[in-house]
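Since the structure comes first, as structure tokens, the remarks are kept for the end.
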Amino acid sequence: MGERELAELMHLVNRRLRHGYVRRLVPMGLSPSHARALRVLAADPGRPLRMVRLAEELRIVPRSLTPVVDALEEAGLVRRRTDPANRRSTLVELTPEGRAADERARDARRRAGEELFAVLTPGQREQLGELLATVDAAAEARGRDLEQAREG
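Counting in full-length UniProt numbering, the sequence shown tops out at residue 152, every number present.
What follows is the structure in structure tokens.
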């Protein structure tokens, strides 16, 4: 199989995985953007993040984050408050409902993967995981090398 076909196949499988994930998120009133924001906020429980930092973690511009946080706040999943250390900054933190929503979203993602990869044996799933981890690690290292070359 050529590299182009492999890339196209990976893209197709990723789209199918995302579709299964979105199908499970919609009844929860969440989008993938909402779920990603919840996941980042849940990574360090009890520690609120500045909006600017949350945008950086999500790799989006801050103005794109505002509607996401607005929707999550309206749903009672996050709360915003002024940063006491810098009154011009806004902190965002998960509510208990937001933690529960994050757990449900993580479960939805896991179930979407289980459904998609159910055709594989446990050994095949393990092998696929190892191969994808190898590709991901190499891509991450190349990205770091490019970043260092630009900075240096």
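Positions of the beta carbon are idealized from the N, C-alpha and C atoms, including for glycine. No experiment lies behind these values; they were computed from the predicted model shown.
Supposed contact pair Ala108 and Arg53 - C-beta distance, whole angstroms, cut 8 Å: Within the sequence shown, residue 53 is the residue found at index 53, counting from 1. Within the sequence shown, residue 108 is the residue found at index 108, counting from 1. Arg53 to Ala108, Cβ: 26 Å. No contact.
Three-state class that DSSP yields for Leu30 in the structure shown: Taking the first residue of the sequence shown as 1, we reach residue 30 at position 30. Of the three classes helix, strand and coil, the one that applies to Leu30 here is coil, per DSSP.
Status (buried if at least 16 other CB within 10 Å, exposed otherwise) for His11: Start at 1 with the first residue of the sequence shown, and residue 11 comes out as number 11. Under this definition His11 is an exposed residue.
Roughly how many angstroms lie between the CA atoms of Arg87 and Val26, to the nearest whole one? Position 87 of the sequence shown holds residue 87. Position 26 of the sequence shown holds residue 26. Rounded to the nearest angstrom, the gap between the Cα atoms of Arg87 and Val26 is 35 Å.
Judging by CA-CA distance, which residue of Leu17, Val78 and Pro32 is the nearest neighbour of Glu115? Indexing the sequence shown from 1 puts residue 115 at position 115. For Glu115, the nearest C-alpha among the options comes from Leu17.
Sequence ranges, beta strand (DSSP E) only - wholly within the segment 9-96, length at least 3: Secondary structure within the segment 9-96: the beta strand (DSSP E) runs of 3 or more consecutive residues, fully enclosed, are 78-83 and 86-94 (chain order).
Do the segment 111-125 and the segment 76-92 meet, that is, are 3 or more Cβ pairs less than 8 Å apart? Counting Cβ pairs under 8 Å, fewer than three are found: no touch.
Does the contact criterion of 3 or more C-beta pairs under 8 Å hold for the segment 50-69 versus the segment 128-138? Judged by Cβ distances under 8 Å, the segment 50-69 makes no contact with the segment 128-138, as fewer than three pairs qualify.
Could you say which of Ala43, Glu103, Asp145 and Ala149 lies nearest to Glu93 if we only look at CA atoms? Mapped onto the sequence shown, residue 93 falls at position 93. Residue Ala43 is the option with its Cα nearest to Glu93.
Spatial neighbours of Val22 within its chain, please: CB distance less than 7 Å, with the 5 preceding and 5 following residues excluded, ordered by chain position. Looking up residue 22 in the sequence shown gives position 22. Within the same chain, Val22 has close Cβ partners Pro32.
Contact check, Glu56 vs Gly76 under 8 Å by CB: the rounded distance? Reading the sequence shown from its first residue, position 56 is the one you call residue 56. Reading the sequence shown from its first residue, position 76 is the one you call residue 76. The Cβ separation is near 25 Å, so there is no contact.
List the whole-angstrom C-beta distance separating Leu65 from Val40, where the pair is believed to meet the contact cut-off of C-beta under 8 Å. Numbered from 1 along the sequence shown, position 65 holds the residue referred to as residue 65. Numbered from 1 along the sequence shown, position 40 holds the residue referred to as residue 40. No, Leu65 and Val40 are not in contact; Cβ-Cβ is about 10 Å, not under 8 Å.
Judging by CA-CA distance, which residue of Thr121, Arg111, Thr95 and Glu130 is the nearest neighbour of Pro45? Position 45 of the sequence shown, counting from 1, holds the residue named residue 45. Out of Thr121, Arg111, Thr95 and Glu130, Thr95 has the C-alpha closest to the C-alpha of Pro45.
I need the straight-line Cα distance from Glu103 to Ala71, nearest angstrom please. The count along the sequence shown starts at 1 and reaches residue 103 at position 103. The count along the sequence shown starts at 1 and reaches residue 71 at position 71. Computed Cα separation, rounded: 18 Å.
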